[in-house]
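Engineer: First to last, the sequence lines map onto chains A and B. Each residue of the first sequence is one higher than the one before, counting from 47 in our numbering. Each residue of the second sequence is one higher than the one before, counting from -10 in our numbering. Where a beta carbon is used, it is the ideal one built from N, C-alpha and C, also for glycine. Once you've had a glance at the structure underneath, I'll fire off some questions.
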Amino acid sequence: MIHAEHLRKSYGTLVAVDDVSLDIKRGETFGLLGPNGAGKSTTIHMLVGAIRPDSGSVTVNGASDPSRPEVRRGLGIAPQRVALYEDLTGQENLAFFGRLYGVTGKRLTERVEWALDFAGLKDRRHSRAKTYSGGMQRRLNLACALLPSPPILLCDEPTAGVDPQSRNHIFEIIERLKQDGLTVLYTTHYMEEAQRLCDRVAIMDRGKLLDCDTVPNLIARHGRRPVVTAELERPVNDPSTLPGQVEGTSLRFETEKPVEELMRLTRAGVVFKTFHVDQPDLESVFLTLTGRSLRD
Amino acid sequence: MGAIVTLAVKDLRIMSRDLLGMFFIFVFPLVMGLLFGTIQASFSDQPQEKSISVAVTDNDASDMSRLFVEQLIKLESLSIQQFPVEQAADQVRKGKLTAFIEIPKGFGETAGLIWGKAPALRLGVDPARAAEGAMLEGMIMQAMGVLIQKRFMNPADMRPQINRMIEETASDTDMPPVQRTIVQGLLRSVDGFLATMEEQVDALSKAGDGQTSGFGPSMEIARIEKVSLESAAGNDRGPFAGIRGRPRSPWDISFPSAIMWGVMACVAGFAVTVAKERTAGTFFRLKIAPITRTHVLAGKALACFVSVLAVVAIMMGLGLIIGIQLTSPGLLILATVCTALGMVGLMMLMSVIGRTEQSVSGAGWAIIVFMCMFGGGMVPLAFMPAFMKNMSHFSLVKWGILSLEGAIWRGFELSEMLLPCGVLIGAGAVCFVIGARILARVDD
Ligand SMILES: Nc1ncnc2c1ncn2[C@@H]1O[C@H](COP(=O)(O)OP(=O)(O)OP(=O)(O)O)[C@@H](O)[C@H]1O
Ligand SMILES: [Mg+2]
Chain A
47 MIHAEHLRKS YGTLVAVDDV SLDIKRGETF GLLGPNGAGK STTIHMLVGA IRPDSGSVTV
107 NGASDPSRPE VRRGLGIAPQ RVALYEDLTG QENLAFFGRL YGVTGKRLTE RVEWALDFAG
167 LKDRRHSRAK TYSGGMQRRL NLACALLPSP PILLCDEPTA GVDPQSRNHI FEIIERLKQD
227 GLTVLYTTHY MEEAQRLCDR VAIMDRGKLL DCDTVPNLIA RHGRRPVVTA ELERPVNDPS
287 TLPGQVEGTS LRFETEKPVE ELMRLTRAGV VFKTFHVDQP DLESVFLTLT GRSLRD
Chain B
-10 MGAIVTLAVK DLRIMSRDLL GMFFIFVFPL VMGLLFGTIQ ASFSDQPQEK SISVAVTDND
50 ASDMSRLFVE QLIKLESLSI QQFPVEQAAD QVRKGKLTAF IEIPKGFGET AGLIWGKAPA
110 LRLGVDPARA AEGAMLEGMI MQAMGVLIQK RFMNPADMRP QINRMIEETA SDTDMPPVQR
170 TIVQGLLRSV DGFLATMEEQ VDALSKAGDG QTSGFGPSME IARIEKVSLE SAAGNDRGPF
230 AGIRGRPRSP WDISFPSAIM WGVMACVAGF AVTVAKERTA GTFFRLKIAP ITRTHVLAGK
290 ALACFVSVLA VVAIMMGLGL IIGIQLTSPG LLILATVCTA LGMVGLMMLM SVIGRTEQSV
350 SGAGWAIIVF MCMFGGGMVP LAFMPAFMKN MSHFSLVKWG ILSLEGAIWR GFELSEMLLP
410 CGVLIGAGAV CFVIGARILA RVDD
């Protein structure tokens, strides 16, 4: 559906996007995960033709120029910066963007209703957008992109500043739209979101695409092993029979199969007071790939 | 086309919600129009019975020469008609008229300035009516006297009103500081201008003591060259065939200026919306929507065009109610359309002056004040020194006012409308292209 090859974009000496290639399949939810300044937004902007790449090519739905109106009509784009007409009401904003995408008449009315419901703004529909809270504006920003029910949705950090409940609501809607075949490109720096929503995730840092695969594959390839930390009832006589580091009654070890290992130790007579298994996640993948934490 | 209309409707809706903007587009210009109209009305006499029939040919077609003709028209004992000089001479020869006055080219530059050496007025009198001819000479002096008075006496009358407006603006807490500063600056510049004029009047009256009292035989006030009827037909015709029409109500002069104030406020308003779209990110959103840049620009242009038309229509409607008599509705439509087109271009250029709403708003209002000051929107062109009149050619306001006046009271022919309308459209197109180019560049 979206295919990019060797995209490159620099601003002066700063290389914002460096040789990025990706291939997003129909019906797939594709995550672009990376810290601030990784080049996620720049990549999206090149994919939709808002920024001309210095080199490289993009095809969207088979068309090589994504800025053509026919191609754009199939792209719902929610920019990272909330972009609304603050002197228009929520309803008017939705209707305006709907019309630009060629939605008119009865269908426009229906879609506006749907979008107001999605954004949770039904009772505030006649208030001007500037009177909305930050989270409401962000929901409306995304609703404007979804209103024309485009087959492809590109959302650039749609959940920043949205409360957990609304965030869940957004995820549910996106999951439902996925079932109907929506193709999604989703950028975020929250690994939980990428892990929950995305079929495949590309890890980006400093303009480079480091790796791209399903979450389990990425973890298998780059993640550390699960870590077990445990507290024992009493110190064991011979700590060398235990795996990992032992300090008094505290135990910490890495293992591919934490459950099996715990059961083996129990059978060997070790009595656990508490234990905790730390599963590897994208955070650790990022750490391995870049030597830095995603949260920095 | 649908997208363009959608975009334009959005802009008009946003515009109509900006109450302060609406104030500057409609209320402020109306107040200015009424104020200046009242000042002008206090100078004009009631029309009287006319007796001596005189033809006037205005080869200068400057605002001063027009003012001179207006003064002659106001004189109760004169009945003025306007003809080309050949025809005028012919009428006098045939005895149908008592005399003709030909105003030479260049008359307006120094007329009314006592120290100036104005080219001589040419006066041809029916030899059979020499007595009336002598009376006419006296009346020419009187008219010139009014010119002098107009040049110098108004400031004292106008200053208290201007000062009151400055005070009112200062105490208006609703007005944003930027706008307040600009409006005050504008009013102060008018006041300063009037103050200098007052000083000149004082200096003049002291220097003039005992030299020229009254308008007696002094040829410094008006030089008159008497011509025999046979050599009357001059060849140096100005660009205009002379004014056929004349103002019929005080609002005829003040309203075109007032309309242009409203139009300019509208232009500034739209220029600011362009900057606002850029800072608010909605321009980016339009950029990624299934429309082209041409649509976006056309939508803005259409919205601006429609609102300029609306401003002129509404202000003209009010003007008609209070007594403006429109000479040519057809030409008014032409003038309005051309003004609107010119202003759309100006708006485009203004919108890329700055990156933020504040900078565009500030610079935009500065341009407006400049264009209005030099274009006759504040002080009628007739009262301006020569250098300011020359500057006026660069002010779209001047051409807008001229085209409106041409339709309202100057009685322009279609061919005479071509100059102001051409300038408006041409300058508008150039501004639009430059503005759109800059916008495209900063946007990429
Ligand atoms: N218009 C621009 N001019 C100069 N530099 C830019 C411009 N746009 C982006 N950059 C730079 O390019 C780099 C990538 O920016 P980009 O916005 O793509 O990052 P991002 O991954 O979206 O980050 P975030 O998570 O903060 O949104 C940054 O270093 C940024 O400073
Ligand atoms: Mg970003």
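Nearest-angstrom Cα distance between proline 18 (chain B) and threonine 158 (chain B)?
Structural biologist: 15 Å
Engineer: For valine 114 (chain B), list the residues DSSP reports as bridge partners.
Structural biologist: B:Ala88
Engineer: Would isoleucine 3 (chain B) pass as an interface residue toward chain A - the criterion being a Cβ-Cβ separation below 8 Å?
Structural biologist: yes
Engineer: Just checking: is the beta-carbon of glycine 270 (chain B) within a distance shorter than 8 Å of some beta-carbon in chain A?
Structural biologist: yes
Engineer: Which word fits proline 206 (chain B), buried or exposed, when buried means at least 16 other C-beta atoms lie within 10 angstroms of its C-beta?
Structural biologist: For proline 206 (chain B), the predicted model reports a pLDDT of 32, less than 50, meaning its position is unreliable; a value from the coordinates is still stated below. With fewer than 16 other Cβ atoms within 10 Å, it is exposed.
Engineer: Less than 8 Å separating the beta-carbons of valine 61 (chain A) and glycine 253 (chain A)?
Structural biologist: yes
Engineer: Within a Cβ cutoff of 7 Å, which residues of the same chain sit near lysine 55 (chain A), ignoring the five residues on either side of it in sequence?
Structural biologist: Ala62, Val63, Thr88, Met92, Ile97, Pro99, Asp100
Engineer: When a residue counts only if its C-beta is closer than 7 Å to some heavy atom of ligand 2, which residues count, in chain order?
Structural biologist: A:Lys86, A:Ser87, A:Gln126, A:Asp202, A:Glu203, A:Thr233
Engineer: Histidine 235 (chain A) by DSSP, collapsed to three states: which one?
Structural biologist: coil
Engineer: Report buried or exposed for isoleucine 311 (chain B), applying the criterion of at least 16 other Cβ atoms within 10 angstroms of its Cβ.
Structural biologist: Answer is exposed; the Cβ neighbour count stays below 16.
Engineer: What residues from chain A crowd round lysine 276 (chain B), counting only those whose CB sits closer than 8 Å?
Structural biologist: Ala96
Engineer: Hey, is histidine 235 (chain A) close to ligand 1, as in C-beta under 7 Å from one of its heavy atoms?
Structural biologist: yes
Engineer: Using the C-alpha atoms, what's the distance from leucine 338 (chain B) back to leucine 428 (chain B)?
Structural biologist: 9 Å
Engineer: Would you report the Cα separation of serine 220 (chain B) and isoleucine 69 (chain B), rounded to the nearest angstrom?
Structural biologist: Confidence in serine 220 (chain B) is poor, its pLDDT being 33 and thus under 50, which makes the residue's placement too unreliable to answer from.
Engineer: Could you check whether the Cβ of proline 318 (chain B) sits closer than 8 Å to any Cβ belonging to chain A?
Structural biologist: No, no contact with chain A.
Engineer: Would the C-beta of alanine 62 (chain A) count as close to ligand 1, meaning under 7 Å from any of its heavy atoms?
Structural biologist: yes
Engineer: How should serine 286 (chain A) be labelled, buried or exposed, when 16 other C-beta atoms within 10 angstroms of its C-beta is the threshold for buried?
Structural biologist: By the C-beta density criterion, serine 286 (chain A) is exposed, having fewer than 16 other C-beta atoms within 10 angstroms.
Engineer: How many angstroms separate the CA atom of alanine 191 (chain A) from the CA atom of leucine 130 (chain A)?
Structural biologist: A direct Cα-to-Cα measurement between alanine 191 (chain A) and leucine 130 (chain A) gives close to 11 Å.
Engineer: Throw me the rounded Cβ distance for the leucine 311 (chain A) and threonine 295 (chain A) pair, which I believe falls under 8 Å.
Structural biologist: Actually they are not in contact, since the Cβ atoms of leucine 311 (chain A) and threonine 295 (chain A) sit about 14 Å apart, beyond 8 Å.
Engineer: Which full runs of the alpha helix (DSSP H) of 4+ residues lie inside the region 107 to 178 of chain A, going along the chain?
Structural biologist: 115 to 118, 136 to 146, 151 to 165
Engineer: Flag this pair as yes or no: are the beta carbons of glutamine 60 (chain B) and valine 135 (chain B) separated by less than 8 Å?
Structural biologist: yes
Engineer: Here's the rule I'm using: 16 or more other beta-carbon atoms within 10 Å means buried, otherwise exposed. How should proline 326 (chain A) be labelled?
Structural biologist: buried
Engineer: If distances are taken between C-alpha atoms only, which option among A:Leu255, A:Pro281, A:Asp251 comes closest to leucine 68 (chain A)?
Structural biologist: Nearest C-alpha to leucine 68 (chain A): A:Leu255.
Engineer: Would you mind stating whether proline 289 (chain A) and threonine 301 (chain A) have Cβ atoms separated by less than 8 Å?
Structural biologist: yes
Engineer: For alanine -8 (chain B), which residues in chain A fall below 7 Å Cβ to Cβ?
Structural biologist: Leu146
Engineer: Do glycine 364 (chain B) and isoleucine 390 (chain B) have their beta-carbon atoms positioned less than 8 Å apart in this structure?
Structural biologist: Less than 8 Å separates the beta-carbon of isoleucine 390 (chain B) from that of glycine 364 (chain B).
Engineer: In whole angstroms, what separates the C-alpha of leucine 298 (chain B) from that of alanine 329 (chain B)?
Structural biologist: 7 Å
Engineer: Smallest Cα separation from glutamine 439 (chain B): which of B:Leu64, B:Leu67, B:Glu91?
Structural biologist: Because chain B in this structure spans residues -10 to 433, residue 439 (chain B) falls outside the shown range and cannot be described.
Engineer: Could you check what DSSP says for arginine 313 (chain A) in three-state terms: helix, strand or coil?
Structural biologist: helix
Engineer: Find out if the Cβ-Cβ distance for the pair cysteine 258 (chain A), alanine 266 (chain A) is shorter than 8 Å.
Structural biologist: no
Engineer: Under the assumption that leucine 110 (chain B) contacts valine 43 (chain B) (Cβ atoms under 8 Å), give the Cβ distance between them as a whole number of angstroms.
Structural biologist: Wrong, their Cβ atoms sit about 12 Å apart, outside the cutoff.
Engineer: Sort A:Ala109, A:His235, A:Val273, A:Val331 by Cα distance to asparagine 263 (chain A) and report the nearest one.
Structural biologist: A:Val331
Engineer: Verify the contact flag: glycine 415 (chain B), CB atom, against every heavy atom of ligand 1, threshold strictly below 7 Å.
Structural biologist: For glycine 415 (chain B), the shortest separation between its Cβ and any heavy atom of ligand 1 does not lie below 7 Å.
Engineer: Please compile the residues from chain B whose C-beta is within a distance smaller than 9 Å of the C-beta of leucine 130 (chain A).
Structural biologist: Ala269, Gly270, Thr271, Arg274
Engineer: Give me, in chain order, the residues of the same chain whose beta-carbon lies closer than 8 Å to that of alanine 175 (chain A); leave out the 5 immediate sequence neighbours on both sides.
Structural biologist: Leu130, Tyr131, Glu132, Asp133, Leu134, Thr135, Gly136, Asn139, Gln183, Leu186
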